[in-house]
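>
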Amino acid sequence: MLLKQSEKLVVNTILIKEKVKHFQLADRYTELTIISDVRDRDLVEHELLARGRDHEEWRQKQLRGELEKIRIDKLFHSSFSGGGLFSRMKKFYKRSGSGNFTGTSAVVSGVAGIGKTTMVQKIVHDWATGKIYPHFHFVFIFKFRDLNSLNCRITLNRLIVEQYPYLKDVLDELWKHPETLLFIFDGLDEFRGSIDFADIRRHTEPQRKCTDPEFRCKLSDIVYSLIQKKLLPGCSVLVTSRPTALQLLAKAQVSVWAEILGFVGEERREYFHKFFEDQEVAAAVYSHVEENELLFTMCFNPSYCWILALSLGPFFTRKHSNKQRVPKTVTQLFSYYIYNILSHHSVKMESPRDVMLKIGEMAFAGVSQGNIVFSDEDLIQYDLQPSQFLSGFLMELMERESSEHIVVYTFPHLTIQEFVAALAQFLPQNAENLRKLLNNAHKEKDGRFEIFLRFVAGLSSPRAAQPLEEFLGPFVQQTICVVINWLTEKFRTHTKFSQSTSGKRKLLNTLHYLFESQNQALAQQTLGSVQTLTFGDHSPDKALRLTPIDCVVVSQAIGLCTTIKQMDLRSCYIQDEGLQRLVPALHKCQELQ
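Quick note on UniProt numbering: the sequence shown kicks off at 1 and runs consecutively.
#1: What does the Cβ neighbour count give for E259, buried or exposed, with the cut at 16 atoms within 10 Å?
#2: Decide if the region 244-258 is in contact with the region 105-114; the criterion is three or more beta carbon pairs, one per stretch, under 8 Å apart.
#3: In whole angstroms, what is the alpha-carbon distance linking Q121 and F276?
#4: Take every Cβ of the region 532-546, pair it with every Cβ of the region 515-522, and state whether three or more of those distances are shorter than 8 Å.
#5: Could you check what DSSP says for T562 in three-state terms: helix, strand or coil?
#6: Tell me the DSSP secondary structure of K4 in three-state form.
#7: Measure the CB-CB distance between L2 and V139 and report whether it falls below 8 Å.
#8: Mind checking whether V355 and M362 have CB atoms under 8 Å apart?
#9: Whole angstroms are fine: how far does the CA of S351 sit from the CA of residue 666?
#10: Using a Cβ-Cβ cutoff of less than 8 Å, which residues in the same chain neighbour T211 once the five nearest sequence positions on both sides are dropped?
#11: Can you tell which of V456, Q332 and T180 has its C-alpha closest to the C-alpha of L295?
#12: Nearest-angstrom Cα distance between N440 and Y271?
#13: Does DSSP put H22 in a helix, in a strand, or in coil?
#14: Are G578 and L546 closer than 8 Å when you measure CB to CB?
#15: Can you name, in chain order, every residue of its own chain whose Cβ lies under 7 Å from the Cβ of T501, other than the five neighbours on each side?
#16: Apply the 10 Å Cβ neighbour rule to T562 and answer buried if 16 or more other Cβ atoms are within range, or exposed otherwise.
#17: Assuming P178 and G234 make a contact with CB atoms under 8 Å, what is their CB distance in whole Å?
#18: Can you tell me which of the three DSSP states T129 falls into?
#19: Can you give me the C-alpha to C-alpha distance between L310 and V285, rounded to a whole angstrom?
#20: Would you be able to state if there are at least three C-beta pairs under 8 Å between the region 128-145 and the region 442-452?
#21: Check each candidate in G115, E214 and Q525 and name the one with the smallest Cα separation from R242.
#22: Enumerate, from N- to C-terminal direction, the unbroken beta strand (DSSP E) stretches of 3 or more residues contained entirely within the region 369-400.
#23: Roughly how many whole angstroms lie between the Cα atoms of V289 and I35?
#24: Do you know how far the Cα of L75 is from the Cα of K218?
#25: Could you tell me whether the Cβ atoms of Y336 and P467 are closer together than 8 Å?
#26: So the candidates are R448, T479, P412 and M398; which of them puts its Cα closest to the Cα of L423?
#27: Please report the distance separating the alpha-carbon of Q429 from that of R353.
#28: Given a cut-off of 8 Å, decide if G360 and V420 are closer than it, judged by their beta-carbon atoms.
#29: In chain order, what residues of the same chain have a beta carbon less than 8 Å from the beta carbon of D172, not counting five sequence neighbours either side?
#30: Could you check which residue in E396, R435 and I451 has the C-alpha nearest to that of L414?
#31: Comparing C-alpha positions only, which one of G110, F191, K131 and I184 sits nearest to S149?
#32: Reducing DSSP to helix, strand and coil, say where V256 ends up.
#33: Are the beta-carbon atoms of H512 and R454 separated by less than 8 Å?
#34: Could you spell out where the alpha helix (DSSP H) holding D172 opens and where it closes?
#35: V367 to I416, Cα distance in whole Å?
Here it is in structure tokens:
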């Protein structure tokens with residue numbers, strides 16, 4: 001059963017006749033770089049932004065061999081290469097007669113779209129085909145999003161039987177050999193329950209203890225007890241999660257902490273060549289991505305690669321296509337992504353503009369509240385009937401997942417949700433509240449609105465708006481003026497107060513907004529008189545770490561300035577790749593630190 005479930009990889013296509021394609025997993029799977037590291041799990045910034053800034057450092061360390069790379073067949077095995085990690089882990093393990101360690105609790109983290117669920121599928125497939133982990137006789141997989149509907153108390157036996165009914169009569173025998181069992185829980189960040197590993201009441205209150213497969217308790221207690229080896233001690237558990245939910249596991253007895261970095265080096269090229277059947281198209285798309293620093297740096301994330309391949313592919317397959325129109329900014333890229341969906345489905349909708357506005361309002365509420373999973377009730381609240389999925393449009397824009405208990409909807413990637421939320425700001429006829437919304441979003445210190453605001457700025461550009469206006473009607477000019485005026489005001493404010501770390505971050509964000517807007521007149525108006533740009537400091541704690549993407553944006557900003565009297569880049573961790581992006585503009589700086 002698990003072999004059949006895991007052998008096919010489903011890929012969305014944004015084609016009305018062929019919504020999805022099925023491929024053999026073995027033909028399409030591109031190896032992910034997974035590193036062993038116990039990192040700071042208290043991530044407060046927008047996880048995609050944080051991953052973007054951290055990724056170059058992690059990648060460089062990995063390439064220099066300072067971080068230990070873990071293969072998926074070694075997560076539950078004794079033969080890790082690094083002595084340091086091995087010695088740290090030894091105390092958590094128990095030897096089995098076969099020479100493998102048993103009773104392992106492993107946590108694999110990674111941001112949205114980085115490949116956690118596909119990695120789980122690959123592990124299950126390779127196990128089912130006998131390639132890895134022969135000491136596991138049974139593997140049980142659960143998705144937290146499917147388990148959210150289990151509000152009542154339940155036994156582990158019942159949980160297993162509901163998903164694997166054919167095991168009903170052999171459970172008692174299975175429990176006698178827990179060292180042969182692997183439990184996989186995918187997507188802890190989507191779990192609505194609470195698992196507090198620091199809660200001492202679990203040790204004192206009988207109703208919170210779960211030590212027997214027949215004991216009726218909350219689902220969170222079952223997961224807790226499996227990880228803490230209070231239930232079926234000797235079994236192994238794998239949990240995947242976004243970084244934002246890792247604090248739930250801070251006090252857990254976890255043997256292996258690992259993080260998916262995504263694609264490194266040639267893995268990016270390999271993805272595109274596996275995505276396209278026509279290798280000439282694959283080479284052309286990858287070449288365009290590689291030449292565009294912004295797009296290329298996104299490619300560590302498989303989900304971004306998927307969006308890039310879907311959106312850019314048509315530009316290199318159409319005859320006589322205008323290569324000058326190929327997207328250059330992230331906003332332009334996502335505009336064409338939505339354009340491709342609308343071009344297949346807008347005919348079937350009475351008012352694509354109204355539907356997109358409602359979806360955008362729901363998406364914005366999700367961004368505001370940190371919600372990425374929506375229910376039928378959420379759709380109905382925004383006057384989006386679940387039956388509308390039959391029209392095809394919502395099926396392309398959002399993914400529907402159903403189980404025996406619940407139906408949920410998600411955007412294919414958090415960044416798509418943020419783009420749709422930004423797009424909704426341009427569709428109402430009244431823009432009175434927009435300035436207040438932008439100011440409030442800009443004040444948030446946790447970074448949740450940074451990508452959203454970049455998209456708002458980008459959509460004020462005619463080039464980004466033009467393909468969407470074909471189906472959604474013209475963007476309201478008043479809205480565009482509000483955005484441009486807001487950008488002007490924020491930039492002038494942040495160039496004056498950039499000594500603090502938060503001030504430097506806001507200044508850099510504003511430069512990103514200007515870059516996405518592609519508004520040359522606005523950029524020259526705001527940047528022409530700037531004489532000082534400060535992102536660095538003698539103290540690394542007070543300096544911003546600039547990624548190659550940041551350096552592209554800063555380089556354009558310098559190029560639009562008349563003369564920079566002083567440029568402070570001390571302790572910015574620019575490295576060679578970032579410096580290459582800055583060099584063409586640095587001659588304008590009279591004093592460079």
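Virtual Cβ for every residue (Gly too), placed ideally from N, Cα, C.
Judging by the given coordinates:
#1: Residue environment: E259 is assigned as buried (16 or more neighbouring CB atoms within 10 Å of its CB, all protein chains considered).
#2: yes
#3: 22 Å
#4: no
#5: coil
#6: helix
#7: yes
#8: no
#9: In the structure as shown, the chain begins at 1 and stops at 593. Residue 666 is therefore absent and cannot be evaluated.
#10: S225, K230 and L231
#11: Q332
#12: 39 Å
#13: strand
#14: Yes, the pair counts as a contact, with Cβ atoms nearer than the cut-off.
#15: K542
#16: By the 10 Å Cβ count, T562 comes out exposed.
#17: 4 Å
#18: coil
#19: 10 Å
#20: Taking a contact to require three or more Cβ pairs closer than 8 Å, the region 442-452 and the region 128-145 do not qualify as touching.
#21: G115
#22: none
#23: 25 Å
#24: 28 Å
#25: yes
#26: T479
#27: 11 Å
#28: Here V420 is near G360, since their CB atoms are less than 8 Å apart.
#29: none
#30: Nearest option by C-alpha distance: I451.
#31: F191
#32: strand
#33: Yes, the Cβ-Cβ distance between H512 and R454 is below 8 Å.
#34: L171 to L174
#35: 11 Å
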